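Novice: First, the structure itself, so that you have it in front of you.
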Amino acid sequence: MGKVFVNIGLSLDGYMAPEGMRMDRPDHMNWGAKWGAMMGWLLRQQHFRENVLKAGPGGETGPINDHVRSTFERIGANIMGKRMFDQGEVAWPEEAPFHTPVYVLTHEKREPWVRPGGTTFHFVNDGPERALELARASAGDRDVRISGGADVVQQYLNLGVVDELEIALAPVLFGGGRRLFEHLHAPGPAWRIDRVLDGPGATHLRYVRQ
Ligand SMILES: NC(=O)c1ccc[n+]([C@@H]2O[C@H](COP(=O)([O-])OP(=O)(O)OC[C@H]3O[C@@H](n4cnc5c(N)ncnc54)[C@H](OP(=O)(O)O)[C@@H]3O)[C@@H](O)[C@H]2O)c1
Numbered sequence: 060m061g062k063v064f065v066n067i068g069l070s071l072d073g074y075m076a077p078e079g080m081r082m083d084r085p086d087h088m089n090w091g092a093k094w095g096a097m098m099g100w101l102l103r104q105q106h107f108r109e110n111v112l113k114a115g116p117g118g119e120t121g122p123i124n125d126h127v128r129s130t131f132e133r134i135g136a137n138i139m140g141k142r143m144f145d146q147g148e149v150a151w152p153e154e155a156p157f158h159t160p161v162y163v164l165t166h167e168k169r170e171p172w173v174r175p176g177g178t179t180f181h182f183v184n185d186g187p188e189r190a191l192e193l194a195r196a197s198a199g200d201r202d203v204r205i206s207g208g209a210d211v212v213q214q215y216l217n218l219g220v221v222d223e224l225e226i227a228l229a230p231v232l233f234g235g236g237r238r239l240f241e242h243l244h245a246p247g248p249a250w251r252i253d254r255v256l257d258g259p260g261a262t263h264l265r266y267v268r269q
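Under this note's numbering, the first residue of the sequence shown is numbered 60, with each subsequent residue one higher.
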């Protein structure tokens, strides 16, 4: 069985997204620019541009790009929350940047949504444990990525099923937004630092559950 890992970007002050996200106005409260300041490093990597985003050739190479490649190659299935999905449904290209089954935790009942390029969104109404069971079954020997948002990451941390916590900590302050570390039941000293990789746009931290 593969691992379960969280892989997200984070502002220096601990937010997964700045305040003020609106579907109808992506630039409300400068949201898009703030998001870009946090995640721009990823959008510049060759592997992400060519193989995940399918944005054409080019991009940065080197240790951060190698890290991005190995991250995407290990993923057999993704799990995400409905708010992340809602945002992506209007923003992602037709070939959504996952290329695996994606299990969306939601109260909404909806048929699977098949996208070109190997991404199928499955809408799961039976809670995080069931979504993980389905994701593990599709992933086989590969790993399950908890993609976000904060609400969903917190649920999996609280279930104690996250093996690795990967955070790309960007040198940007949001001052408010969707905080990653809240609503945690037992945030004891359960993690050890496994790896730190420096990049110009973010520090890539990996924590492994002890
Ligand atoms: N920094 C990063 O790397 C990163 C990654 C991903 C997302 N994000 C950002 O995170 C933000 C969204 O995060 P969020 O914490 O607000 O929301 P979220 O985790 O994406 O989604 C929460 C929603 O999912 C549904 N849901 C969650 N758990 C459920 C359960 N157990 N059963 C049924 N439904 C469940 C509920 O929606 P319904 O009741 O409507 O179904 C809930 O309101 C976005 O702004 C996105 O841009 C950042």
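Note that beta-carbon positions come from the ideal geometry of N, C-alpha and C, so glycine has one too.
Quick caveat, the model's predicted, so the values are computed rather than measured.
1) Taking DSSP's pairing of strands, which residues face His-181 in a bridge?
2) Which residue wins for smallest C-alpha separation from Thr-130, given the options Ala-229, Arg-268, Glu-225?
3) Could you tell me if the beta carbon of Met-75 falls within a distance shorter than 6 Å of some heavy atom in ligand 1?
4) Using only the heavy atoms of ligand 1, determine whether one of them is closer than 6 Å to the beta carbon of Arg-142.
5) Classify Glu-223: buried if its beta carbon has 16 or more other beta carbons within 10 angstroms, exposed otherwise.
6) For Leu-216 and Arg-254, I'd like the C-alpha separation in whole angstroms.
7) Using only CA atoms, which one of His-263, Arg-268, Gly-186, Arg-204 lies nearest to Asp-126?
8) I need the DSSP call for Phe-240, collapsed to helix, strand or coil.
9) In three-state terms, what does DSSP make of Thr-262?
Specialist: Per the coordinate set shown:
1) Tyr-162
2) Glu-225
3) yes
4) yes
5) buried
6) Computed Cα separation, rounded: 20 Å.
7) One detail in the question is off: residue 126 reads as His in this sequence, not Asp. For His-126, the closest of His-263, Arg-268, Gly-186, Arg-204 by C-alpha to C-alpha distance is His-263.
8) Looking at Phe-240 - three-state DSSP - the assignment turns out to be coil, as it is neither helix nor strand.
9) Three-state result, Thr-262: strand.
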